[in-house]
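The sequence shown begins at 20 in my numbering and counts up by one.
Using N, Cα and C, we set each Cβ at its ideal position, and we do this for glycine too.
Here the structure is a predicted model, which means the values were calculated and not measured.
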Amino acid sequence: MGLFVICNMEFLAKRSEMWKRIQESVEEVEALDGALTVKCKMHGKEQLITCGEDFDTKCREGGCDDPCNTRLNCGHMCPKPCHVEDMDHLVMKCLKPCAQTCPAEEKHPCKKRCYQDCGMCKINVLKFLPCGHTKMDHCYLEADKVLCVESCTKTLRCSHRCDQLCGAPCTLQCQVIVKKQLSNCGHTVSMKCCDDPDKFKCQEIVPKKWTICGHTVDVACYINVLRTSCPNPCNTALHGCEHLCQGTCGSCRNGRLHIRCEKKCKKVLICGHECESNCSNSCPPCQKLCQTACAHSQCGKKSFQKRSRRNRRKNGSKENDKDPTSGRVCGDPCPPCAEKCLNKCWHRSCTKKCSDPCNVEPCNERCQKLLSCNPKRKPKNKKNTKANGTEGIYVINTFEFN
20 MGLFVICNME FLAKRSEMWK RIQESVEEVE ALDGALTVKC KMHGKEQLIT CGEDFDTKCR
80 EGGCDDPCNT RLNCGHMCPK PCHVEDMDHL VMKCLKPCAQ TCPAEEKHPC KKRCYQDCGM
140 CKINVLKFLP CGHTKMDHCY LEADKVLCVE SCTKTLRCSH RCDQLCGAPC TLQCQVIVKK
200 QLSNCGHTVS MKCCDDPDKF KCQEIVPKKW TICGHTVDVA CYINVLRTSC PNPCNTALHG
260 CEHLCQGTCG SCRNGRLHIR CEKKCKKVLI CGHECESNCS NSCPPCQKLC QTACAHSQCG
320 KKSFQKRSRR NRRKNGSKEN DKDPTSGRVC GDPCPPCAEK CLNKCWHRSC TKKCSDPCNV
380 EPCNERCQKL LSCNPKRKPK NKKNTKANGT EGIYVINTFE FN
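Structure representation (structure tokens):
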């Protein structure tokens with residue numbers, strides 16, 4: 020064991036007292052020399068190292084400057100200079116071209132580096148396939164593993180030619196368009212050879228009839244119209260209003276249940292007005308002005324109409340049929356007339372109010388009035404009292420009889 024110091028002793032001794040003393044000590048024991056002798060363990064070669072650059076040129080890999088020349092497992096010689104690391108060459112990779120060939124008859128050389136795995140030979144060669152066709156494919160493939168890309172020449176059970184590739188399985192669904200006669204309707208249609216005629220939907224347009232209503236429609240042959248609604252207009256006169264039904268035959272359940280009538284009712288209500296609601300609705304109370312009247316007043320007469328339009332705008336008043344001063348509608352109850360009944364003649368007179376039932380019977384006495392054509396008629400006083408209104412109110416005139 021020893022300590023080797025490689026340095027410029029003259030340079031260090033001039034600049035440091037410590038190195039000057041070290042120089043004197045090593046010179047006394049003759050331990051100072053101008054070169055270092057190194058010996059290669061592989062080749063036994065000795066070399067003198069006199070400067071730092073000698074390590075890079077004479078023993079770059081820790082050995083000597085001779086080539087390694089060790090034979091690798093691949094058969095090539097080690098291209099590196101003498102080295103002390105990886106002396107068994109387990110890590111080093113040979114970068115020379117691979118010398119192996121493929122196992123086929125052609126013996127194609129490997130195109131990879133020596134250290135790489137050769138793998139499968141992928142050079143294209145002519146393959147003679149079992150089907151009789153030829154194809155260019157990778158060298159490593161067996162002929163029976165190569166997929167033939169020629170058209171298949173086999174004939175299917177239907178006598179049509181297979182449309183697949185030779186190397187693919189023959190199709191089970193022939194796509195050739197043929198004409199077949201359908202068993203359920205007798206029509207001849209175009210379809211794929213593989214289609215079942217019993218399951219094919221015939222698209223031939225034919226007239227079909229609904230057995231309930233008797234209407235016909237042109238539809239595709241496969242459609243069962245009994246499972247669909249008839250689109251023809253119903254046009255049945257509805258019971259109760261005699262309007263024509265606006266629905267279709269199917270929406271009205273073939274006349275068994277009609278849709279709601281949306282026309283105006285137009286029925287004459289008990290008040291004499293026409294109903295303005297839809298025919299299918301129950302008649303609501305009449306909203307027109309009441310026409311009920313007696314000799315004294317009319318229920319629905321609008322008393323406020325005498326006011327000027329300017330005053331109504333100024334006061335901001337609005338017409339309201341429910342207001343007692345604006346006239347009542349037919350649907351509202353009429354207020355009873357509190358005036359004296361005018362049902363009277365020469366022989367009897369009702370003593371009740373106008374709105375109450377009369378307490379007198381119809382007069383059976385002979386009428387004392389003279390017609391205008393009677394020469395005996397001499398009017399003395401043309402004072403007429405007229406009562407216009409409902410039944411039971413009479414017009415009374417006063418005459419002078421001779």
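* Exposed or buried, which one is Lys198 when buried takes at least 16 other CB atoms within 10 Å? -> exposed
* Counting along the chain, where does the alpha helix (DSSP H) carrying Leu77 start and finish? -> Checking the sequence, you will find Lys at residue 77 rather than Leu. Looking at the DSSP string, the run of the alpha helix (DSSP H) that includes Lys77 is Glu72 to Lys77.
* Since Gln200 contacts Thr207 with CB under 8 Å, what's their CB separation in whole angstroms? -> 5 Å
* Between Cys280 and the rest of its own chain, which residues show a CB-CB distance below 8 Å, the 5 nearest in sequence each way excluded? -> Leu257, Cys260, His262, Cys264, Gln265, Asn297, Cys298 and Ser299
* Other residues of its chain near Pro128: CB distance less than 6 Å, five sequence neighbours each side excluded -> Thr120
* To do: Answer with buried or exposed for Asn378, where buried requires no fewer than 16 other C-beta atoms within 10 angstroms of its C-beta.
  => exposed
* Asked: Just checking, does the stretch 105-118 make contact with the stretch 140-157 on the three C-beta pairs under 8 Å criterion?
  -> no
* Starting from the Cα of Glu384, find the closest Cα among Lys33, Cys240, Cys185 and Trp365 and give me that residue. => Trp365
* Outcome for Arg246 when other beta-carbon atoms lying within 10 angstroms are tallied against a minimum of 16 -> exposed
* Asked: Taking all protein chains shown into account, do 16 or more other C-beta atoms lie within 10 angstroms of the C-beta of Leu109, making it buried, or fewer, making it exposed?
  -> exposed
* With a 10 Å radius around its C-beta and 16 neighbouring C-beta atoms as the bar for buried, classify Lys285 as buried or exposed. => exposed
* Does the Cβ-Cβ distance between Cys232 and Cys204 come in under 9 Å? -> no
* **Same chain only: Cβ atoms within 6 Å of Ile142, ignoring 5 sequence neighbours per side** => His127 and Cys158
* To do: Measure the alpha-carbon distance for His292 versus Thr311 and round it to whole angstroms.
  => 12 Å
* Asked: Relative to the alpha-carbon of Glu29, which residue among Asn243, Asp52 and Cys369 has its alpha-carbon at the smallest distance?
  -> Asp52
* Asked: Using a Cβ-Cβ cut-off of 7 Å (strictly less than) and excluding sequence neighbours within five positions of Ala32, which residues of its own chain qualify?
  -> Trp38, Lys39 and Gln42
* **Cβ neighbour criterion (16 or more within 10 Å) applied to Cys386** => exposed
* To do: Determine the burial state of Lys171: buried for a count of at least 16 other Cβ atoms within 10 Å of its Cβ, exposed for fewer.
  => Residue identity differs from the one stated: residue 171 is Cys in this sequence, not Lys. It counts as buried.
* Coarse secondary structure for Asp105, derived from DSSP in three states -> coil
* Is the Cβ-Cβ distance between Val238 and Asn251 less than 9 Å? -> no
* Asked: Using the rule of at least 16 other Cβ atoms within 10 Å of the residue's Cβ for burial, across every protein chain shown, is Val165 buried or exposed?
  -> buried
* Of the listed residues Thr89, Val57, Cys87 and Gly63, nearest to Val74 (C-alpha basis) -> At residue 74 the sequence reads Phe, which differs from the Val that was named. That would be Val57, whose Cα lies nearest to the Cα of Phe74.
* **Burial state of Gly82 (16 or more Cβ within 10 Å)** => buried
* To do: Would you list the one or two residues that DSSP bridges to Ser368?
  => Lys363
* List the whole-angstrom C-beta distance separating His234 from Cys268, where the pair is believed to meet the contact cut-off of C-beta under 8 Å. => 6 Å
* To do: Report the three-state DSSP secondary structure of Cys46 (helix, strand or coil).
  => A small correction: the amino acid at residue 46 is Glu; Cys does not occupy that position in the sequence shown. In this structure, Glu46 counts as helix in the three-state DSSP scheme.
* Which residue or residues does DSSP assign as beta-bridge partners of His157? -> Asn143
* Asked: Tell me the DSSP bridge mates of Val197?
  -> Met210
* Rounded C-alpha distance that separates Gly138 from Phe219 -> 55 Å
* CA nearest to the CA of Val103, picked from Asp85, Gln135 and Lys228 -> Asp85
* **Nearest-angstrom beta carbon gap, Leu55 and Ile25 [assumed within contact, 8 Å]** => 6 Å
* Asked: Going straight from the alpha carbon of His315 to that of Cys349, what length do you get?
  -> 19 Å
* **Residue(s) in a DSSP beta bridge with Val57** => Gln66
* To do: Please list, in chain order, all residues of the same chain as Asn88 whose beta carbon is under 6 Å from its beta carbon, the five residues on each side excluded.
  => Met96
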